[in-house]
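For the record, in the sequence shown the residue sitting at position 73 is 73 according to full-length UniProt numbering, with numbers rising by one throughout. Using N, Cα and C, we set each Cβ at its ideal position, and we do this for glycine too. Just so you know, these numbers come straight off a predicted model, no measurement behind them. Worksheet: one structure, shown below.
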Amino acid sequence: MEALTEKYNNLMKLGDPRTRDWFLMASPIPSALICLLYVLAIIVGMRAMQNRQAMGLRYPMIVYNFCMVALSGYLVFEFLASGWLAGYSLSCQPVDYSNSPQATRMARACYLFYFSKFIELADTVFFVLRKKFNQVSFLHVFHHAIMPASWWFGVYFVPGGFGTFHAMLNSFIHFLMYMYYGLAAAGYTVWWKRYMTKMQIGQFLLVTVHSCQLFFIPCNYPIVFAWWILSYAVIFLILFANFYVKAYAAGRRLQQQQQKQNGHQNGAHSKERLAHAVSNGNGKKAE
């Protein structure tokens, strides 16, 4: 036990001194516990809402989603201004651990991105209270539960550099996603709804390709985090692709069923019209 404690303490000493004293950053345990409580709260909440009436929550949803639009847009701006439009390379980009204004700004952007993942847990709260249980899928819960805990390590050890590419991309996708949810809650029809899952898949494809290059070029960036980002991207690429295929197949089946049903109805109407015409013809002959 003492050996494990010593290894843990030695590992923690490797953390970035700029971020280790920030809120929730002293240890990974609080973040992990919050994620665990999140999963338990979903189970309890869904059972509690089973025999209760669904809540509308239209106006809280509008406010929440547009606040998340502002936060996501701000994160995209910060990642661009502190790195990706300020000299960052798309190939090898080490972490700048200095106290320069640009490096500190990037570290703060990483921390805000990490903290935003806790705020996003409210997505599931709205689904549960509105009894949209079909939205509380394994993909949804797994994605929301793993992001805060995993990004704690990113902020503690590597707050900047190569790994912020996927954070910037994720913030941009979330900007569009929350814009859609906000407009939909306000009663507007959004044309890019049909492309949301495709954009998610595209995001993880880009992150996968971006991560893979680090295994073929020399780079002063911890390879363990490149493996982690790649694993994360591949897992969610598979999950989102599977969701898209199932949703597309279900949509095709529904469309085919509707076409068949319309065909049967049209055929029945044609027979009725034919019978009616024959009946009228016989009636005229009898006259």
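- Per DSSP, M25 lies in no alpha helix (DSSP H) and is assigned neither H nor E.
- Under the Cβ criterion (8 Å, minimum of three pairs), the region 180-198 counts as touching the region 56-65.
- Between P30 and M106, the C-beta gap is not smaller than 8 Å, which leaves the two residues out of contact.
- In the three-state scheme derived from DSSP, where H, G and I count as helix and E and B as strand, R47 is classed as helix.
- Under the criterion of beta carbons closer than 8 Å, N65 and Y178 qualify as touching, at roughly 5 Å.
- I42 places its beta carbon less than 8 Å from that of T124.
- Going by DSSP, E2 is part of the alpha helix (DSSP H) stretching over E2 to M12.
- M61 counts as buried, since at least 16 other C-beta atoms from the protein chains shown sit within 10 angstroms of its C-beta.
- Annotation: Y97 to V63 spans about 37 Å, alpha carbon to alpha carbon.
- For V207, the enclosing alpha helix (DSSP H) has its first and last residue at M196 to C212.
- Nearest C-alpha to L14 among V155, C110, Q50 and N170: V155.
- For V207 against H166, the beta-carbon gap comes to about 4 Å, under 8 Å, which counts as contact.
- DSSP places S72 within a helical segment (H, G or I) once states are collapsed to three.
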